[in-house]
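The structure appears right after this line, and notes come after that.
In the working numbering, the protein residues as written are 15 to 217.
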């Protein structure tokens, strides 16, 4: 069986390698567009199974242990590239320990006024993963490893005060799937994730 790397159908379908080449060329050209803005942030995320109101989001952060971690983003002008990595440790009723993670593994973003603007509304899209792994104790009948993979789409607002960057965002995960050709169970991730972040911006 041969593999034909074609994306789409019909006479206008593009070869996969051509699409990857276009994306790579765009990324390589980004530094030439403007002085890049690099952001390094600490962040916290809370997971919701349905779209939360502002009050529900605030209550979620106060009632539960959120995911915590860090993120990075490089924005040469209006288009950026970045990622976030979040974890939390859980102790169940049998005193067993588990590690949950949530990651915006890689995303591209669009910043309406540019990455260096003091008021920074943005949107982004990419791919991510979430999961749970057993650490210590007695797992019982629970699977020792669960993983979900998903596309993500988000929007947010950041404030830049000199080198300090503060912001909030919401991500949506319209689809979640498991790793192909494995029997690893899916992680029960919600459809929305709300995040807050703070960190430094370097130019």
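Every residue, glycine too, gets a C-beta built ideally from N, C-alpha and C.
As the structure is a computational prediction, the values presented were derived from the model and not from experiment.
Nearest-angstrom beta carbon gap, residue j and residue i [assumed within contact, 8 Å]
{"i": "residue 143", "j": "residue 163", "result": "5 Å"}
{"i": "residue 88", "j": "residue 125", "result": "About 11 Å separates the two Cβ atoms, so there is no contact after all."}
{"i": "residue 57", "j": "residue 170", "result": "The pair is not a contact, with the Cβ atoms about 11 Å apart (cut-off 8 Å)."}
9 Å Cβ cutoff met for residue i and residue j
{"i": "residue 100", "j": "residue 115", "result": "yes"}
{"i": "residue 211", "j": "residue 119", "result": "no"}
{"i": "residue 213", "j": "residue 51", "result": "no"}
{"i": "residue 174", "j": "residue 133", "result": "yes"}
{"i": "residue 166", "j": "residue 145", "result": "no"}
{"i": "residue 59", "j": "residue 94", "result": "no"}
{"i": "residue 152", "j": "residue 117", "result": "no"}
{"i": "residue 62", "j": "residue 70", "result": "yes"}
{"i": "residue 121", "j": "residue 154", "result": "no"}
Identified DSSP bridge partners for residue i
{"i": "residue 157", "result": "The partner list for residue 157 (beta bridge, DSSP) is empty, contrary to what the question assumes."}
{"i": "residue 51", "result": "89"}
{"i": "residue 65", "result": "In the DSSP output, where bridge partners are listed per residue, residue 65 has none listed."}
{"i": "residue 95", "result": "88, 122"}
{"i": "residue 215", "result": "53"}
Residue i versus residue j: straight-line alpha-carbon distance, rounded
{"i": "residue 194", "j": "residue 200", "result": "11 Å"}
{"i": "residue 168", "j": "residue 110", "result": "34 Å"}
{"i": "residue 129", "j": "residue 158", "result": "41 Å"}
{"i": "residue 191", "j": "residue 215", "result": "34 Å"}
{"i": "residue 182", "j": "residue 77", "result": "18 Å"}
{"i": "residue 184", "j": "residue 150", "result": "32 Å"}
{"i": "residue 207", "j": "residue 141", "result": "14 Å"}
{"i": "residue 49", "j": "residue 147", "result": "41 Å"}
{"i": "residue 105", "j": "residue 79", "result": "11 Å"}
{"i": "residue 160", "j": "residue 202", "result": "9 Å"}
Any C-beta of chain D under 9 Å from that of residue i
{"i": "residue 71", "result": "Absent from the structure is chain D; it holds one protein chain and no more."}
Give, in chain order, every unbroken run of the beta strand (DSSP E) that is at least 3 residues long and sits entirely within the segment 104 to 187. Runs of the beta strand (DSSP E) lying entirely within the segment 104 to 187 and spanning at least 3 residues, in chain order: 111 to 125, 133 to 150, 159 to 175, 178 to 186.
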